[in-house]
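Numbering (this note's numbering), first residue to last: 427 to 643. Encoded as structure tokens, the structure appears first; notes follow it.
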Amino acid sequence: MLSQLAQFSILQPLSDADRQRLLQLGQVRTAPAGHLLIGENEASTAVYFLLSGEARVFITGADGREATVNTLKAGSWFGELAILGDGLRSASVVTTAPSRLLSVPGPLLRGILVRYPEATERLLETLGRRIRGLTETVRGFALGDVYQRLAQLFGELAVEQDGERFIPDPPPQRELAARCGASREMVARVLRELRKGGYVQTSRQRIVLKKPLPARF
């Protein structure tokens, strides 16, 4: 278990003794797919480390519609604002696959991290990345149409290997729609037009980006 904690960048500077302390005072739990880990506007002080599985971070509008703002895989951690102090959760997190997690009280983790300047620096870097990512997401929702938001999402998910740019294990259309703030039907229509234009090639295993996506479609 200690070796698993070393996969989290913020915990890498810690000694084995402090990692062991997190295990002893934290709680390891398992959750099935579809289990709500954190509720938006919920009062909670725990920080979560995803040891295995997957999860989705989303916000809910006044009309009840959900918008996915991030997806998490093993090695991700979330609830980081609990390290800084008490407050309400800014988003909900639900598992999308059977998962195993370590939850640690925020004050406990804060008390350990302050003794490791490198860990504190990594926390600030993580917060900075997430704030920038959220800013881009909000900008996309405010200024972009569905196609532009989908194109931006493809850019975030794509990897390059052997000269080919593709999205491995692409999310289902309903999840793409949630992350774009659109209906599944609208996303399906955009994908259909992109295939017709020779821009993408889709399968269950991957979405291949055959050529640069146009600025407008």
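Idealized CB from N, CA, C, for every residue including glycine.
- Query: Considering only residues of the same chain and omitting the five flanking positions on each side of Ala-472, which have a CB-CB separation below 7 angstroms?
  - Reply: Excluding positions up to five away in sequence, the list reads Gly-505, Ala-508, Ser-529, Val-530, Pro-531 and Gly-532.
- To the nearest angstrom, how far is it from the Cα of Arg-669 to the Cα of Thr-521? The chain is shown from 427 up to 643; residue 669 falls before or after that span and cannot be answered.
- Query: Under 8 angstroms between C-beta atoms, does Val-483 make it to chain C?
  - Reply: In the displayed structure, chain C is absent; only one protein chain is listed.
- Apply the 10 Å Cβ neighbour rule to Gly-452 and answer buried if 16 or more other Cβ atoms are within range, or exposed otherwise. By the neighbour-count criterion, in which 16 or more other beta carbons inside 10 Å mark a residue as buried, Gly-452 falls on the buried side.
- Item | Rounded C-alpha distance that separates Gly-490 from Ala-608 | Within the model, the alpha-carbon separation for Gly-490 versus Ala-608 is close to 13 angstroms.
- Query: How close, in whole Å, do the beta carbons of Glu-586 and Val-634 come, if the pair is a contact with beta carbons under 8 angstroms?
  - Reply: Between Glu-586 and Val-634 a beta carbon distance of about 11 angstroms is seen, past the 8 angstroms cut, so the two are scored as non-contacting.
- Message: Quick check on Tyr-474: does DSSP put it in helix, strand or coil?
- Response: The answer is strand: DSSP assigns Tyr-474 an E or B state.
- Query: Going by other Cβ atoms of all chains shown within 10 Å of its Cβ, with 16 needed for buried, is Ala-432 buried or exposed?
  - Reply: Burial call: exposed.
- Inter-residue Cα distance where the pair is Ala-568 and Leu-576: Note that Ala-568 scores a pLDDT of 47, beneath 50, so its modelled location is shaky; the value from the coordinates is reported in the next line. Looking at the two C-alpha atoms, the distance is approximately 14 angstroms.
- Item | Supposed contact pair Leu-549 and Leu-539 - C-beta distance, whole angstroms, cut 8 angstroms | Contact flag correct, Cβ pair sits at about 6 angstroms.
- Query: Per DSSP, what kind of secondary structure is Gln-631 in: helix, strand or coil?
  - Reply: Per DSSP, reduced to three states, the secondary structure at Gln-631 is coil, with no helix or strand assignment.
- Message: According to DSSP, Lys-499 sits in a beta bridge with which residue or residues?
- Response: Paired residues: Glu-480.
- Between Phe-434 and Thr-494, what straight-line distance do the alpha-carbon atoms span, to the nearest angstrom? Taken atom to atom, the span from the alpha-carbon of Phe-434 to that of Thr-494 is near 23 angstroms.
- Task: Using the DSSP secondary-structure output, state which residues sit across from Thr-521 in a beta bridge.
- Result: Here Thr-521 is bridged, per DSSP, to Ala-481.
- Segment limits, beta strand (DSSP E) that includes Gln-433: Per DSSP, Gln-433 belongs to no beta strand (DSSP E) and is neither H nor E.
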